[in-house]
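Engineer: This is the structure I have questions about; it appears just below.
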């Protein structure tokens with residue numbers, strides 16, 4: 001397994017291009033199953049999860065072609081994927097593929113909507129808690145699917161097609177909203193999703209579906225209305241900027257000090273996180289190029305934050321904020337309300353000398369004057385990058401092990417940081 005070696009203590013100065021959002025790319029790729037015409041996705045990030053989903057779609061008979069370089073393309077311009085699900089040859093998603101990436105379970109919705117049947121493995125365990133699929137199955141049942149669980153697989157059937165219905169989620173679920181949306185667009189009649197997730201990635205997927213001919217109102221609000229159509233067309237769609245990558249690099253700059261332009265970043269996608277960074281002492285300025293983040297001289301101020309569904313502070317930035325708060329001048333509190341078991345980075349941050357106490361879903365972080373480099377191990381995608389942020393400000397050398405977690409969600413992280421003056425390199429196994 002590859003490792004990343006970091007020598008801390010250098011401010012970040014320069015420009016970091018923000019890639020396309022992983023959390024929009026995956027459901028957009030899955031939405032290709034809804035049509036027999038080509039779907040062209042631009043600004044697709046080069047990530048391990050994207051490559052894995054290409055394999056999963058290929059198992060269903062989907063052809064995925066990666067466009068070649070074009071004149072004017074920069075080093076970090078996203079890929080263009082040409083995806084064609086003209087003929088679906090297999091409606092089974094096997095355990096060996098689904099078990100490696102939870103989002104792949106969402107193929108169940110377009111498969112049952114278009115083909116009338118799907119057999120998809122239950123996704124199994126996850127490093128950050130149980131994250132059950134019960135709400136996704138409830139949504140499909142409410143849209144007329146017959147659901148049975150047998151031998152670790154979900155069998156979904158709607159031989160005469162799905163029917164419009166009402167889906168009321170008892171709690172906000174991004175995966176459930178994606179599933180209900182993709183199922184409802186081909187269902188006969190009208191559907192309503194209540195207590196829908198309002199994340200920007202839901203809006204991006206809905207925008208693409210509308211271009212394909214879907215009739216959707218209210219994406220980005222808690223109530224989405226869908227009028228089913230008989231078929232969808234192909235289209236071309238550009239994936240929106242990754243707000244989690246944006247927030248991650250913004251926190252890295254706040255941690256190390258310096259001045260970085262996050263190119264292509266959109267402030268409205270993560271305003272709650274930017275507000276917290278300003279409270280912590282960073283200077284944030286939105287420009288027509290993106291978001292400029294600076295911290296010069298002033299120390300890091302402590303903050304109290306509770307994670308919440310969009311438009312609140314995102315759970316996917318919780319670990320990064322905790323790394324930042326380890327150097328704050330005072331005591332911070334972070335409460336995690338979205339996922340249980342999402343504090344596994346705490347014991348690794350402690351190896352740098354961080355002072356963190358856990359009490360249920362709240363972490364109390366007493367800032368320390370300095371961190372010291374140490375060998376650490378990544379436990380999940382967002383936790384792994386929090387260790388990089390700590391290492392960038394730590395004295396001496398850090399080695400981050402198990403960096404395959406990073407490759408799932410951050411495109412060429414070490415290259416982007418080196419370009420801003422960080423001393424960081426990948427050591428191949």
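In the UniProt record's numbering, the protein residues as written are 1 to 429.
The beta carbon of each residue, even a glycine, is placed where N, CA and C say it ideally should be.
Residue 434 by DSSP, collapsed to three states: which one?
Structural biologist: The structure shown does not extend to residue 434, since the chain spans only 1 to 429, so no value can be given for it.
Engineer: If I follow the unbroken beta strand (DSSP E) through residue 168, where does it start and stop?
Structural biologist: 166–168 is the extent of the beta strand (DSSP E) around residue 168.
Engineer: By Cβ distance below 6 Å, which residues in the same chain neighbour residue 158 in space, the five residues on each side in sequence not counted?
Structural biologist: For residue 158, where only same-chain residues beyond five positions count, the Cβ hits under 6 Å are 112, 116, 144, 145.
Engineer: Measure from the alpha carbon of residue 20 to the alpha carbon of each residue in 254, 393, 35, 263, then state which is nearest.
Structural biologist: Of 254, 393, 35, 263, the residue nearest in Cα terms is 263.
Engineer: Please state the DSSP three-state secondary structure of residue 35.
Structural biologist: Residue 35: coil per DSSP, three-state reduction.
Engineer: For residue 49 and residue 370, what's the separation of their Cα atoms in angstroms?
Structural biologist: Cα-Cα distance, rounded: 35 Å.
Engineer: Considering just the uninterrupted stretch of the beta strand (DSSP E) at residue 224, what are its terminal residues?
Structural biologist: Segment 223–227, the beta strand (DSSP E) holding residue 224.
Engineer: Could you compute how far the alpha carbon of residue 425 sits from the alpha carbon of residue 339?
Structural biologist: Answer to the nearest angstrom: the Cα atoms are 32 Å apart.
Engineer: Could you tell me which residues DSSP puts in a beta bridge with residue 333?
Structural biologist: 304, 364, per the DSSP bridge assignment.
Engineer: To which residues does DSSP link residue 237 through a beta bridge?
Structural biologist: Residue 237 is bridged to 41.
Engineer: Report the CB separation of residue 193 from residue 206 in whole angstroms; it is logged as a contact under 8 Å.
Structural biologist: About 11 Å separates the two Cβ atoms, so there is no contact after all.
Engineer: Compute the Euclidean distance between the alpha carbons of residue 273 and residue 306, then round it to the nearest angstrom.
Structural biologist: Approximately 11 Å, taken between the alpha carbons.
Engineer: Would you identify the three-state DSSP class for residue 128, choosing helix, strand or coil?
Structural biologist: Low local confidence applies: a pLDDT of 42 at residue 128 is under 50, so the model's placement there is unreliable, and no value is given.
Engineer: Looking at the strands, I want to know which residues DSSP matches up with residue 292.
Structural biologist: Looking at the DSSP assignment, residue 292 forms a beta bridge with 261, 285.
Engineer: Could you tell me how far apart the beta carbons of residue 214 and residue 202 are, in whole angstroms, since I believe they sit closer than 8 Å?
Structural biologist: 13 Å between Cβ atoms; not a contact.
Engineer: Should residue 428 and residue 402 be called a contact, given that it needs their Cβ atoms to be closer than 9 Å?
Structural biologist: Cβ atoms of residue 428 and residue 402: not closer than 9 Å.
Engineer: Where residue 129 and residue 342 are concerned, what is the direct C-alpha to C-alpha distance, given to the nearest angstrom?
Structural biologist: Caution is warranted here: a pLDDT of 49 is assigned to residue 129, below 50, making its placement in the model unreliable, and no coordinate value can be reported.
Engineer: Enumerate in chain order the residues of its own chain whose CB-to-CB distance from residue 123 is below 6 Å, with the five nearest sequence positions on each side excluded.
Structural biologist: The residues are 98, 102, 105.
Engineer: Rounded to whole angstroms, what's the CA-CA distance from residue 209 to residue 87? Just pull it up for me.
Structural biologist: Rounded to the nearest angstrom, the two C-alpha atoms are 19 Å apart.
Engineer: Could you check the C-alpha separation between residue 314 and residue 243 for me, to the nearest Å?
Structural biologist: Going from the Cα of residue 314 to the Cα of residue 243 covers about 10 Å.
Engineer: Grab the span of the beta strand (DSSP E) containing residue 117 for me, first residue to last.
Structural biologist: 117–121 is the span of the beta strand (DSSP E), which, as asked, contains residue 117.
Engineer: Report, in whole angstroms, the separation of the C-beta atoms of residue 350 and residue 255, which I expect to be a contact under 8 Å.
Structural biologist: Not a contact, Cβ separation roughly 17 Å.
Engineer: Taking only the alpha-carbon atoms, compute the straight-line gap between residue 127 and residue 405 and give it to the nearest angstrom.
Structural biologist: Bear in mind that the predicted position of residue 127 carries a pLDDT of just 49, short of 50, making it unreliable; the figure below should be weighed with that in mind. Their Cα atoms are separated by approximately 11 Å.
Engineer: Among 365, 200, 172, 69, whose alpha-carbon lies nearest the alpha-carbon of residue 139?
Structural biologist: It is 172 whose Cα lies nearest to the Cα of residue 139.
Engineer: Hey, could you find the ends of the alpha helix (DSSP H) residue 104 is sitting in?
Structural biologist: Per DSSP, residue 104 belongs to no alpha helix (DSSP H) and is neither H nor E.
Engineer: Pull up the distance between the alpha-carbon of residue 412 and that of residue 377, whole angstroms please.
Structural biologist: Roughly 19 Å between the two C-alpha positions.
Engineer: Roughly how many angstroms separate the alpha carbons of residue 4 and residue 17, rounded to a whole number?
Structural biologist: Distance between the alpha carbons of residue 4 and residue 17: 21 Å.
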